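Here the structure comes first, spelled out in structure tokens, and everything after it is commentary.
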Amino acid sequence: MNPKYSFIIPIYNEEKSIPELYRRMSAVMEQLNAPTELILVNDGSRDRSLQMLRELHEKDPRVCYLSLARNFGHQIAVTAGLNFVRGEAIVILDADLQDPPELIPDMVDKWQQGYQVVYAQRIKRHKERWFKRFTAYVFYRLLKRLANVEIPTDTGDFCLMDRQVVDILNSMPERNRYIRGLRSWVGFPQTAVYFERPPRFAGEVQYTFRKSVSLAVNGLVSFSKVPLRLSTYVGLFAAAIAVAMAILVLYWRIFVPNSPLTGFTLILVAIFFLGAVQLVSIGILGEYIGRIYEEVKGRPLYTLAEVAGFKNVASRK
Ligand code: UDP
Ligand code: MG
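Each residue of the sequence shown is one higher than the one before, starting from 175 at the first, in this note's numbering.
Okay, structure coming up:
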């Protein structure tokens with residue numbers, strides 16, 4: 175029999191959180207009172223995480239796991255989980271208990287009311303560094319202004335999705351997967367539940383600054399063409415300034431002899447300014463072209479080293 179509820183949890187070096195995660199997830203699964211599956215996706219962990227997943231699978235048949243052949247990153251780990259999931263309502267959450275499992279019954283409630291996507295929106299973050307809070311604040315608002323779909327602010331990947339939505343996500347071939355954006359893009363009735371994001375239960379943050387920047391750039395580039403247009407705007411602006419300057423210089427030449435403003439500094443500033451604009455524009459172009467290149471290569475999204483617990487799975491990517 176297929177499970178009704180599925181949970182997907184990406185795991186990267188989470189040995190310290192796994193026991194507590196399992197304890198709290200089991201409590202929630204019991205409370206739901208329906209067949210469930212807990213899909214743990216090991217994203218190339220270097221600690222004992224995989225070993226612990228094997229042990230959990232041995233003692234609890236609800237636990238299935240996938241193990242990617244190396245670290246592919248959080249979004250791809252979740253995608254792998256989505257490819258294997260069998261339930262009717264699918265919940266994605268983090269392993270470090272920053273997405274409290276106790277919120278799941280609320281999400282299920284909303285799902286039963288007919289919402290096909292229920293995302294968790296943070297109203298507060300506890301004990302995260304001001305820098306992360308600040309950059310996240312700015313980024314989500316920037317994304318909201320620029321993106322061509324309405325992506326709600328302050329929502330991560332913690333959400334419940336209906337089978338229909340997950341099937342659509344699975345049929346999307348793109349490899350730069352910004353899941354919270356794709357989830358909004360799909361449409362259907364969506365709603366929020368609100369929570370205060372607790373600090374990490376244990377262990378180190380796995381989203382390093384570099385990974386966070388890359389996720390943010392991915393989100394912007396995947397859902398907005400505004401950055402591309404930006405260089406056109408700046409170019410037009412620079413052209414307007416150039417015309418104004420030409421007129422000014424002509425004016426000075428004729429009416430103000432020995433004007434200091436036609437000198438060397440002005441030329442240097444202009445050269446640097448235009449050089450910078452051009453380099454930034456090429457960089458932005460590069461972001462888009464690099465993604466085209468990635469898509470065109472058509473490599474699989476991930477490679478699997480180990481799969482357990484999916485005996486009666488019909489369609490497997
Ligand atoms: N994660 C992953 N692969 C990675 C980085 C992170 O699967 O390369 C997982 C990690 O184990 C956790 C979730 O993604 O379950 C969120 O990571 P983290 O808590 O470090 O990020 P943050 O809470 O700061 O967004
Ligand atoms: Mg976390």
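Using N, Cα and C, we set each Cβ at its ideal position, and we do this for glycine too.
Just so you know, these numbers come straight off a predicted model, no measurement behind them.
Residue i CB to nearest heavy atom of the ligand MG below 7 Å
i, result
"D270", "yes"
"V252", "no"
"R374", "yes"
"V202", "no"
Heavy atom of the ligand UDP within 7 Å of residue i beta-carbon
i, result
"Y186", "yes"
"Q380", "yes"
"N245", "yes"
"H248", "yes"
"D341", "no"
"W221", "It is Asp, not Trp, that sits at residue 221 in the sequence shown. No - the ligand UDP has no heavy atom lying nearer than 7 Å to the Cβ of D221."
"D328", "no"
"D217", "yes"
Identity of the residues DSSP links to residue i by a beta bridge
i, result
"Y293", "C333 and A366"
"A263", "Y179 and D336"
"V215", "P184 and L240"
"A390", "In DSSP, A390 forms no bridge with anything."
"A414", "For A414, which the question treats as bridged, DSSP gives no partner whatsoever."
"E210", "Looking at the sequence itself, residue 210 is Thr, so the reference to Glu does not match. In the DSSP output, where bridge partners are listed per residue, T210 has Y179."
"E189", "Paired residue(s): none; E189 is not in a bridge."
"V395", "In DSSP, V395 forms no bridge with anything."
"L478", "L242"
"K298", "E370"
Residue i classed as buried or exposed, judged by whether at least 16 other C-beta atoms fall within 10 angstroms
i, result
"E188", "buried"
"R490", "The predicted position of R490 is uncertain, since its pLDDT is 45 and thus under 50; a value taken from the coordinates is nonetheless stated next. Exposed, by the Cβ-count rule."
"H300", "exposed"
"Y196", "buried"
"V443", "exposed"
"G472", "exposed"
"M346", "exposed"
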